[in-house]
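Chemist:
Chains as they are written, first to last, in our numbering: chain Y, 0 to 399; chain U, -13 to 105.
#1: Check whether the stretch 9 to 27 of chain U touches the stretch 366 to 375 of chain Y, counting contact only when three or more Cβ pairs, one atom from each stretch, lie closer than 8 Å.
#2: Since residue 82 of chain U contacts residue 73 of chain U with CB under 8 Å, what's their CB separation in whole angstroms?
#3: Would you kindly report the start and end of the unbroken alpha helix (DSSP H) that includes residue 239 of chain Y?
#4: Along the chain, where does the beta strand (DSSP E) containing residue 398 of chain Y start, and where does it finish?
#5: Just to check my reading of the structure: residue 322 of chain Y and residue 302 of chain Y have Cβ atoms closer than 8 Å, yes? What is that Cβ distance to the nearest angstrom?
#6: In chain U, which residues lie less than 9 Å from residue 175 of chain Y when you measure between Cβ atoms?
#7: Confirm, please, whether the CB-CB distance from residue 361 of chain Y to residue 352 of chain Y is below 7 Å.
#8: Can you say whether residue 100 of chain U is buried or exposed, counting buried as having 16 or more other CB atoms within 10 angstroms of its CB?
#9: What are the start and end residues of each continuous alpha helix (DSSP H) run of 4 or more residues lying completely inside the stretch 109 to 181 of chain Y, in chain order?
#10: Anything in chain Y within Cβ reach of residue 101 of chain U, meaning under 9 Å, just list it in chain order.
#11: Compute the Euclidean distance between the alpha carbons of residue 80 of chain U and residue 3 of chain Y, then round it to the nearest angstrom.
#12: Is the closest heavy atom of the ligand ADP to the C-beta of residue 261 of chain Y under 6 Å?
#13: Please list the partners that residue -13 of chain U has in chain Y, where partner means a Cβ-to-Cβ separation under 8 Å.
#14: If you measure from the beta carbon of residue 112 of chain Y to each beta carbon in chain U, is any gap under 7 Å?
#15: Applying the 10 Å Cβ sphere with the 16-neighbour rule, what's the burial state of residue 113 of chain Y?
#16: Can you check the stretch 204 to 269 of chain Y for any alpha helix (DSSP H) of at least 4 residues that lies completely inside it and give the ranges in chain order?
#17: So, at 7 Å on beta carbons, what are the nonlocal neighbours of residue 271 of chain Y in its own chain, with the 5 sequence-adjacent residues on each side left out?
#18: Ordered along the chain, which non-local residues of its own chain (more than five positions away) have a Cβ less than 6 Å from that of residue 182 of chain Y?
#19: For residue 129 of chain Y and residue 174 of chain Y, I'd like the C-alpha separation in whole angstroms.
#20: Looking only at its own chain, which residues have a Cβ that is under 7 Å from the Cβ of residue 159 of chain Y, when we skip the five neighbours before and after it?
#21: State the DSSP-derived secondary structure class of residue 60 of chain U, mapped to helix, strand or coil.
#22: For residue -3 of chain U, list the residues DSSP reports as bridge partners.
#23: Check for me: the beta strand (DSSP E) holding residue 41 of chain Y runs from which residue to which?
#24: Assuming residue 248 of chain Y and residue 291 of chain Y are in contact, meaning their beta carbons sit under 8 Å apart, how far apart are those beta carbons, in whole angstroms?
#25: Buried or exposed: residue 22 of chain Y, going by 16 or more other Cβ atoms within 10 Å of its Cβ?
#26: How many whole angstroms separate the CB atoms of residue 178 of chain Y and residue 105 of chain Y, which I take to be in contact at a CB cut-off of 8 Å?
#27: Between the Cα of residue 240 of chain Y and the Cα atoms of Y:263, Y:386, Y:231, which residue gives the shortest distance?
#28: Does the contact criterion of 3 or more C-beta pairs under 8 Å hold for the stretch 61 to 78 of chain U versus the stretch -12 to -5 of chain U?
#29: Take every Cβ of the stretch 2 to 21 of chain U, pair it with every Cβ of the stretch 262 to 280 of chain Y, and state whether three or more of those distances are shorter than 8 Å.
#30: For residue 213 of chain Y, which of Y:102, Y:234, Y:233 has the nearest alpha-carbon?
#31: Three-state secondary structure (DSSP) at residue 79 of chain Y?
#32: With 7 Å as the C-beta to C-beta threshold (strictly closer), list the residues of the stretch 47 to 80 of chain U near chain Y in chain order.
#33: Just list the residues that DSSP pairs residue 71 of chain U with in beta bridges.
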């Protein structure tokens, strides 16, 4: 029994997503496929202890799940169910390896007809086998609400029949961007530096999966590179619960192998000569790391990269990042000018905008205005360590 | 599989139908779109509709008829026509929907058609 359970658990850990993708791909009915697969695992635990663990447990599970899901393949002369299973296993050509349907599954999860906020949860459930409760925790919602929304999304996929295929060349770049954005959203979800890594490991797993399944896509490599750069620096971001900004981090704590892998991936991506958002963001991280490791970096590199990024994607985070880069290259006044151009109701509730503004105002010898900006930044921060850091800087301003 | 395309239009587009200057372009665009779908063999059924000012809405509550002049929702985009098309999947249906002349100014809702009830 132990052997059977261990094998089943091992397969579940390693191959759940792969199996689900194959079972679901034919009918696009993910919920029914999940049920069929769960059923197959249950049967495995019932029959393997007596009939022995099959030589190819994944194939066994796939066959049983497909049968339950309605793919009955009739073989002449097959009698009993047990004999049928064995015969099918022998018939399965060894080269029909588990051609990875997970890429199709990822594309369907990020299909334009799926609400943006549900793409990441769908991926986590279908490819990684997460239950609704665990996903809900990472997205600040209740398990019941998340479960309901996941059901609705899967019903939509089935009833409206979303195309369950890797998109054709004409649409691939756009559709892939949606997949990558959903994976990146997982990277940031549930992140709390002081507790655990949230979903960072899972996001990196998905990033590696896409890079493996779509090795000719520069942006996939770019996303993985970006996540690895950030992950490499994680150990240095806190010291005894205290927030340490990038410029003050102990680079000896950075995870060197991860950093080197990120660099290699970025180089490989660059070889394709295709511009992309994630490659550019990874390049920005590369420059930050260079600065930390060598003490210097080409002075305008960050500005150039942010200009590139802003031209493609002028969202708040990018514009504030650009202002920071401008201030580093051309002085605080230039940074403040750039921030002024970002003004507006959205910026008003964007914490990094106020944190940077306070920093630049302090550098321009405007402590009163800096104090006000940092007060706002603290009010908008949801991380107590960040609040404490800003408080300390505010306390350090002249003229309390 | 069959999908219904609910084609909405803006007030300005409805006005083009009878406008001497705009009408030829307006109808030309729709005729071209319908011809393309017809050529591809995807049309199951479809019709243009008279404008929302000709609509009447009726509700029956507690056995009483409540009749109202106008469409059921007072929105900027109003139903101007519909098509039921045959498509392999939603992606293919969206491809056709995106080519509707009104998609550039209003919106097209695409919904799968229920199979007929079992006999």
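All C-beta atoms in this analysis are idealised placements derived from N, C-alpha and C, irrespective of residue type, glycine included. Just so we're clear, the structure is a prediction, and the values are computed from it rather than from any experiment.
Modeler: On the basis of the data shown:
#1: Output reads no: the stretch 366 to 375 of chain Y does not touch the stretch 9 to 27 of chain U.
#2: 7 Å
#3: Residue 239 of chain Y: not part of any alpha helix (DSSP H); DSSP gives it neither H nor E.
#4: Neither: residue 398 of chain Y is in no beta strand (DSSP E) and is coded neither H nor E.
#5: About 10 Å separates the two Cβ atoms, so there is no contact after all.
#6: Contacts between residue 175 of chain Y and chain U, judged by CB atoms closer than 9 Å, are missing: the closest CB pair is about 15 Å apart.
#7: Not in contact: residue 352 of chain Y and residue 361 of chain Y (Cβ atoms no closer than 7 Å).
#8: exposed
#9: 115 to 125, 131 to 137, 142 to 158
#10: Chain Y residues near residue 101 of chain U: none, gap ~11 Å exceeds 9 Å.
#11: 47 Å
#12: Although the ligand ADP was asked about, the structure shown includes no ligands whatsoever.
#13: For residue -13 of chain U, the C-beta contacts it makes with chain Y under 8 Å involve 160, in order along the chain.
#14: yes
#15: buried
#16: 217 to 231
#17: 217
#18: 202, 205, 206
#19: 24 Å
#20: 112
#21: coil
#22: In DSSP, residue -3 of chain U forms no bridge with anything.
#23: Under the DSSP assignment, residue 41 of chain Y falls outside any beta strand (DSSP E), being part of the alpha helix (DSSP H) whose first and last residues are 29 to 50.
#24: 6 Å
#25: By the neighbour-count rule (16 or more Cβ atoms within 10 Å), residue 22 of chain Y is buried.
#26: 5 Å
#27: Closest option to residue 240 of chain Y, judged by alpha-carbon separation, among Y:263, Y:386, Y:231: Y:386.
#28: yes
#29: no
#30: Checking every option, the nearest Cα to that of residue 213 of chain Y belongs to Y:102.
#31: Annotation note: pLDDT 40 at residue 79 of chain Y (below 50); position unreliable, no value reported.
#32: Look at the stretch 47 to 80 of chain U: the residues with a C-beta under 7 Å from a C-beta of chain Y are 75, 76, 77.
#33: U:-11, U:29, per the DSSP bridge assignment.
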